[in-house]
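**Student:** Can you keep this structure in mind? I'll have questions shortly.
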Amino acid sequence: MSVRRRWTFALAAGAVVALLLPCLGVPTFYVSLLTQTWIIAIAAMSLDLLIGFTGLVNFSQAALFGVGAYAVAIAATRFHVVGFLPGLGLGITAAVVTAALFGLVALRAEGPGFIIITIALNQIMWGLAYQWVSVSGGDNGITGIVRPHIGPLDVSGNTGYYYVCLVMFALAFALLMTIVRSPFGLVLKGVRETPRRMRALGYNVWLYRYFALMISAAFAGTAGVLFAWYNQFVGPVNLSLDQSTQFLIIVILGGIGTIFGQFFGALVVVFLSNELSAVTQRWMLVLGLIYFVIVMYAPGGLVVLVPRLWARLRGRPVVLAADVPLEDR
Amino acid sequence: MTGAPGDALCLSLRGVTKRFGSLSVLDDVSLDVRTGERCGIIGPNGAGKSTLFNIIAGELPLTSGTVRFLDRDVTRLAAHARARSGLARTFQTTTLFPRLTVVENIVLALQAHSGERFALLAPRSRYRKRDEEALALLDQVGLADRGDASIDALGYGEKRQIEILLAMAQRPKLLLLDEPTAGLAPGDASLVTEMLKRERSGLTMVLIEHDMGVVFDIVERLTVLHHGRVVADGPLDAIRGDAAVQEIYLGGVL
Amino acid sequence: MQFYVQNALGGLAYGSLLFLIASGLTLIFGLMRIINLAQTAFYLLGAYVGLALVAHGLNFWVASVAAGIVTMALGLAVYSAFLHRYHADPLTSLLLTLGFALILDDVILATWGGDPHSIAAPPFLAQSLQVGGVIFPAYWLAVIAISTTIAVVLFVAMHRTMLGVMIRAAVDDEEMARGVGVDVNRSFYIVFAAGALVAGIGGLLGGPITSAYPGLDGELTPLAFAVVIVGGMGSLTGAFVGSLLIGLVNAFGKAMFPELSYFTIFVPVALIMAFRPQGLFGRKL
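Chains as they are written, first to last, in my numbering: chain D, 5 to 333; chain L, 33 to 286; chain W, 2 to 286.
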């Protein structure tokens with residue numbers, strides 16, 4: 005019970021900090037980076053639902069994200085659909101429909117086969133965005149996407165949009181946490197662990213994977229829509245394999261199967277890529293090394309690694325590991 | 033269809049043949065299991081016993097032949113659909129959900145036929161009675177205090193018990209048991225045997241087993257497979273006395 | 002007619018390069034279940050190392066083999082230090098190769114900079130040939146010949162040597178192979194090394210066609226995976242046929258539908274995935 009209370013407290017404290025941040029004189033640049041963090045974290049959480057809870061390592065998550073972004077971009081610039089809800093609805097629908105098609109092809113394989121096929125599927129969407137110039141604008145992408153108003157509220161400013169993304173993140177987080185704790189979520193975990201036994205118990209494993217893919221796409225599409233409005237530009241890079249890889253790296257950093265860890269993963273990657281790149285050109289190297297260490301030595305991700313290191317530091321701040329008797333280590 | 037319930041066929045195989053390339057694993061196997069019957073399948077390693085189970089359960093497509101279950105042709109039915117119509121099985125190598133708790137494992141079996149498996153916007157704590165049901169089942173085998181442990185943390189004997197408990201939690205009409213006591217120490221093996229004997233008398237069972245003590249303790253009828261063919265089939269005593277079977281398989285055991 | 006011959010030759014040359022990458026990819030996957038996302042980074046490393054050696058006056062062919070050996074050494078180091086432990090765990094090994102590719106990319110960028118390096122073919126192959134009305138670089142023929150030779154060598158090694166028989170036994174059924182005394186671990190090292198070697202050699206060989214620049218590996222990865230999907234995962238023959246097919250589709254697609262050339266590659270891939278998921282020469286996934 006005390007663990008639960010501590011969690012509730014941490015979550016509440018985090019929410020208060022997140023709510024107050026833009027009012028505390030934090031530079032606009034950082035408010036903007038945090039906005040990006042909320043958005044990318046939604047996409048990473050959507051991928052975590054697949055990797056951490058269903059056992060599907062989807063390399064086409066960027067395609068789902070990007071389809072959402074392109075859908076709202078095209079609707080806004082060509083058809084003047086500029087509302088918040090219509091845009092969101094369109095993006096989510098586009099992503100879910102794409103996932104429904106992807107699933108028909110990719111779910112014929114399992115494990116490594118699924119991974120390789122989703123790499124190819126993602127590349128097909130990238131190719132479309134890159135080369136179907138009349139629709140997607142090709143390499144130039146689509147510019148001039150205007151942030152919507154929500155009813156009478158003008159949220160197109162930096163601070164206003166920060167709150168939009170914060171609220172969307174909170175909603176997505178709450179929804180995903182509910183899903184993974186539901187009876188349906190237990191079924192997904194069963195599918196992740198032992199598909200063969202699930203079939204023997206009477207579960208249609210294929211169908212659950214298919215559902216999971218579409219649910220995940222709804223969140224990825226949401227993130228894509230928010231990103232299109234945030235960036236006011238969509239290009240092929242947003243649905244590239246590199247983008248899929250970035251989502252995957254975030255999930256690994258944050259911690260597979262944690263959902264909430266994805267916020268920290270996103271925070272690290274967004275800030276590293278923006279801050280570190282100003283200091284050194286080698287930020288990819290730093291990111292790669294952190295990532296490598298986590299895969300090798302802390303498969304639970306930052307949410308496991310950081311508390312462990314912290315406990316260690318607090319426990320014996322000045323004692324070197326080598327000085328500690330074996331039984332205390 | 034006619035006659036007393038005890039005479040109805042629960043499972044009926046006709047001419048079941050399975051080839052992998054040129055290798056024939058099952059050759060024209062026909063077998064009837066009446067409702068309520070406890071039937072054993074024995075045979076040396078490589079006789080095709082596990083393949084036969086995989087075919088009955090729908091995990092492997094067969095080369096030719098038909099499988100009927102509860103008077104329905106299920107030859108082309110997927111494994112999960114067969115399970116939903118009342119067929120449950122256990123696995124020779126323990127096939128559980130290692131990172132889930134014991135209760136969660138059982139709940140997965142319990143909720144398999146209930147609409148709640150699609151409930152995604154309500155936390156599991158809303159369905160506490162499922163957990164209680166699972167604990168009650170665990171209590172029957174004296175494992176209630178292990179409910180919150182993850183499967184990984186269980187001993188081998190306990191895992192074998194959960195392996196069977198999961199299939200029983202499905203409330204099946206036909207239970208396929210693939211070497212339930214494989215690899216168990218005698219003490220644990222007798223625990224499993226007791227568990228099977230305690231099970232309600234009406235349940236139809238087909239049992240693959242190498243331990244003849246277990247076989248004679250549980251089944252009333254025996255089918256002997258050899259090189260993918262049925263070489264003997266009949267009441268326990270008849271098979272026990274069958275010289276050909278002794279020759280082929282039982283050797284000096286009896 | 003000219004159009005067809007020209008594009009067919011170009012496609013075959015490009016496909017030949019793809020084979021040098023995809024052969025390792027498919028063999029490593031077939032044997033160890035490792036999806037090696039660093040395979041194209043090996044190719045790129047081979048190109049840069051080879052280029053540096055050529056700049057120091059080494060002969061083109063010697064440099065490409067030397068670059069292959071350097072790449073192989075690195076591949077072996079990575080395999081034995083990190084990957085070896087995880088061969089039964091496809092996700093972790095995939096993630097590790099991904100991390101390794103990130104690091105290697107950045108090291109390459111730091112060492113050789115972001116500008117594309119064009120690579121010249123050896124002088125005697127630098128001219129164009131004219132046969133009938135078709136004009137094409139002589140170097141294309143050389144690449145096709147070399148890649149075919151490597152394919153034959155790999156094929157013979159897999160099918161006619163004791164080592165190859167053991168490796169194929171391990172691909173079919175690892176446990177059984179261990180049971181009959183095959184040193185499966187040794188075959189893991191050999192296959193990983195061979196994959197890195199061939200990709201590394203390919204880097205400089207392909208240089209006159211693809212040139213070398215950061216990000217080239219990322220562009221080649223999807224094509225190499227397309228080859229593996231089309232040919233069937235784990236099949237060497239499949240990798241060869243698949244490479245040539247993808248090379249040809251790529252060349253004709255670019256010539257005939259420049260707007261949709263990328264699409265033209267992946268449509269057949271999608272069709273194969275949908276109707277024959279095990280690929281042309283593979284076993285069921």
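Backbone N, C-alpha and C define an ideal beta-carbon position, used for all residues, glycine too.
#1: So does the region 172 to 185 of chain W actually touch the region 39 to 52 of chain W, counting three or more Cβ pairs closer than 8 Å?
#2: Return the chain-ordered list of same chain residues with a C-beta closer than 6 Å to the C-beta of W/Ala-122, the five sequence neighbours on each side being excluded.
#3: For L/Gly-72, list the residues DSSP reports as bridge partners.
#4: Count the other CB atoms within 10 Å of the CB of L/Val-57; is the residue buried (16 or more) or exposed (fewer)?
#5: Chain D partners of L/Tyr-159, CB-CB under 7 Å?
#6: Between the region 155 to 167 of chain L and the region 211 to 227 of chain L, are three or more C-beta pairs nearer than 8 Å?
#7: Apply the 10 Å Cβ neighbour rule to D/Leu-89 and answer buried if 16 or more other Cβ atoms are within range, or exposed otherwise.
#8: Indicate the three-state DSSP secondary structure (helix, strand or coil) for W/Thr-27 in the structure shown.
#9: Please classify D/Pro-152 as buried or exposed, where buried requires at least 16 other C-beta atoms within 10 Å of its C-beta.
#10: Between L/Thr-236 and chain D, is there a C-beta pair that is closer than 8 Å?
#11: Between the beta-carbon of D/Ile-219 and the beta-carbon of D/Leu-111, is there less than 8 Å?
#12: Does D/Glu-197 come within less than 8 Å of chain L when only Cβ atoms are used?
#13: List the residues of chain D whose Cβ lies closer than 9 Å to the Cβ of L/Glu-136, in chain order.
#14: Are the C-beta atoms of D/Gln-247 and some chain W residue less than 8 Å apart?
#15: Taking Cβ positions, are W/Val-250 and W/Ile-266 nearer each other than 8 Å?
#16: Any C-beta of chain B within less than 9 Å: which residues of the region 136 to 152 of chain L qualify?
#17: With a threshold of 8 Å, are at least 3 pairs of Cβ atoms found where one atom belongs to the region 43 to 60 of chain D and the other to the region 184 to 196 of chain D?
#18: Kindly identify the DSSP beta-bridge partner or partners of L/Lys-50.
#19: For L/Gln-124 versus L/Glu-252, is the C-beta distance shorter than 8 Å?
#20: With H, G and I counted as helix, E and B as strand and the rest as coil, what does DSSP make of W/Gly-216?
#21: Comparing C-alpha positions only, which one of D/Gln-40, D/Leu-92, D/Phe-13 and D/Leu-28 sits nearest to D/Asn-278?
#22: What is the residue span of the alpha helix (DSSP H) that L/Phe-101 lies within?
#23: Around the C-beta of D/Arg-201, are 16 or more other C-beta atoms found within 10 angstroms, so that it is buried, or is it exposed?
#24: Taking the alpha-carbon positions, what's the D/Ala-133 to D/Ala-178 distance?
#25: Answer with buried or exposed for L/Gln-172, where buried requires no fewer than 16 other C-beta atoms within 10 angstroms of its C-beta.
#26: Who are the neighbours of W/Phe-30 on chain D, taking C-beta pairs under 9 Å?
#27: Rounded to whole angstroms, what is the Cα-Cα separation between L/Gly-78 and L/Ala-185?
#28: Does L/Ala-166 come within less than 8 Å of chain D when only Cβ atoms are used?
#29: Work out the CA separation of L/Val-139 and L/Arg-149 for me, nearest whole Å.
#30: Counting contacts by CB-CB distance shorter than 8 Å, is L/Thr-225 in contact with chain D?
#31: Nearest to D/Ile-120 by alpha carbon, out of W/Val-270, W/Ile-109, W/Ser-129 and W/Asp-173?
#32: Across which residues does DSSP place L/Arg-272 in a beta bridge pair?
#33: Contact between the region 228 to 247 of chain W and the region 58 to 77 of chain W: three or more CB pairs below 8 Å?
#34: Find the residues of chain D that neighbour W/Arg-34, judging by a C-beta separation of less than 7 Å, and give them in chain order.
#35: Just the C-alpha distance for W/Asn-8 and D/Leu-175, rounded to the nearest angstrom, thanks.
#36: Please name the residue or residues paired with L/Leu-207 in a DSSP beta bridge.
**Tutor:** By the coordinates alone:
#1: no
#2: Stepping through the third sequence from its first residue, residue 122 of chain W is reached at position 121. The answer, listed in chain order, is Tyr-140 and Pro-209.
#3: Here residue 72 of chain L refers to the residue found at position 40 when the second sequence is read from its first residue. DSSP lists L/Leu-239 and L/Leu-254 as partners of L/Gly-72.
#4: Start at 1 with the first residue of the second sequence, and residue 57 of chain L comes out as number 25. Buried.
#5: To locate residue 159 of chain L, count along the second sequence from 1; it is residue 127. Chain D residues near L/Tyr-159: Pro-187.
#6: no
#7: Residue 89 of chain D sits at position 85 when you count from the first residue of the first sequence. Answer is exposed; the Cβ neighbour count stays below 16.
#8: Here the question's residue 27 of chain W lines up with position 26 in the third sequence. In this structure, W/Thr-27 counts as helix in the three-state DSSP scheme.
#9: Within the first sequence, the letter at position 148 stands for residue 152 of chain D. The C-beta of D/Pro-152 has 16 or more other C-beta atoms within 10 Å across all chains shown, which makes the residue buried.
#10: On the second sequence, residue 236 of chain L is found 204 positions in, with the first residue counted as 1. So, not an interface residue.
#11: Taking the first residue of the first sequence as 1, we reach residue 219 of chain D at position 215. Taking the first residue of the first sequence as 1, we reach residue 111 of chain D at position 107. In this structure, D/Leu-111 does not lie closer than 8 Å to D/Ile-219 by Cβ.
#12: The count along the first sequence starts at 1 and reaches residue 197 of chain D at position 193. Taking Cβ atoms only, chain L reaches closer than 8 Å to D/Glu-197, which makes this a yes.
#13: As a first step, residue 136 of chain L must be located in the second sequence, where it is residue number 104. Within chain D, the residues near L/Glu-136 are Leu-190, Lys-193 and Gly-194.
#14: The sequence position of residue 247 of chain D within the first sequence is 243, counting from 1. Chain W, which has no Cβ nearer than 8 Å to the Cβ of D/Gln-247, makes this no.
#15: Within the third sequence, the letter at position 249 stands for residue 250 of chain W. Within the third sequence, the letter at position 265 stands for residue 266 of chain W. Yes, they are a contact pair.
#16: No chain B is part of this structure, whose protein chains are labelled D, L and W.
#17: The region 43 to 60 of chain D vs the region 184 to 196 of chain D: in contact.
#18: Indexing the second sequence from 1 puts residue 50 of chain L at position 18. For L/Lys-50, which the question treats as bridged, DSSP gives the partners L/Leu-58.
#19: The residue you call residue 124 of chain L lines up with position 92 of the second sequence. The residue you call residue 252 of chain L lines up with position 220 of the second sequence. Taking 8 Å as the Cβ cut-off, L/Gln-124 and L/Glu-252 do not qualify as a contacting pair.
#20: The residue you call residue 216 of chain W lines up with position 215 of the third sequence. In this structure, W/Gly-216 counts as coil in the three-state DSSP scheme.
#21: Position 274 of the first sequence, counting from 1, holds the residue named residue 278 of chain D. Ranking the options by Cα distance to D/Asn-278, first place goes to D/Gln-40.
#22: Reading the second sequence from its first residue, position 69 is the one you call residue 101 of chain L. Unbroken run through L/Phe-101 is the beta strand (DSSP E), 96 to 101; no alpha helix (DSSP H).
#23: Here the question's residue 201 of chain D lines up with position 197 in the first sequence. Answer is buried; the Cβ neighbour count reaches 16.
#24: Reading the first sequence from its first residue, position 129 is the one you call residue 133 of chain D. Reading the first sequence from its first residue, position 174 is the one you call residue 178 of chain D. Cα-Cα distance, rounded: 32 Å.
#25: In the second sequence, counting from the first residue as 1, residue 172 of chain L sits at position 140. Looking at its Cβ environment, which holds fewer than 16 other Cβ atoms inside 10 Å, L/Gln-172 is exposed.
#26: Your numbering for residue 30 of chain W matches position 29 in the third sequence. What W/Phe-30 touches in chain D: Pro-116 and Ile-120.
#27: Reading the second sequence from its first residue, position 46 is the one you call residue 78 of chain L. Reading the second sequence from its first residue, position 153 is the one you call residue 185 of chain L. Roughly 32 Å between the two C-alpha positions.
#28: Looking up residue 166 of chain L in the second sequence gives position 134. Not a single C-beta of chain D is nearer than 8 Å to the C-beta of L/Ala-166.
#29: Working through the second sequence from its first residue, we reach residue 149 of chain L at position 117. Working through the second sequence from its first residue, we reach residue 139 of chain L at position 107. Distance between the alpha carbons of L/Arg-149 and L/Val-139 is about 10 Å.
#30: If you number the second sequence from 1, residue 225 of chain L lands on position 193. With 8 Å as the cut-off, L/Thr-225 does not count as an interface residue toward chain D.
#31: Along the first sequence, one-based indexing puts residue 120 of chain D at 116. Measuring from the Cα of D/Ile-120, the nearest candidate turns out to be W/Val-270.
#32: If you number the second sequence from 1, residue 272 of chain L lands on position 240. In DSSP, L/Arg-272 forms no bridge with anything.
#33: no
#34: Along the third sequence, one-based indexing puts residue 34 of chain W at 33. The answer, in chain order, is Pro-116.
#35: Along the third sequence, one-based indexing puts residue 8 of chain W at 7. Along the first sequence, one-based indexing puts residue 175 of chain D at 171. Answer to the nearest angstrom: the Cα atoms are 53 Å apart.
#36: Your numbering for residue 207 of chain L matches position 175 in the second sequence. BP columns for L/Leu-207 point to L/Ala-120 and L/Met-237.
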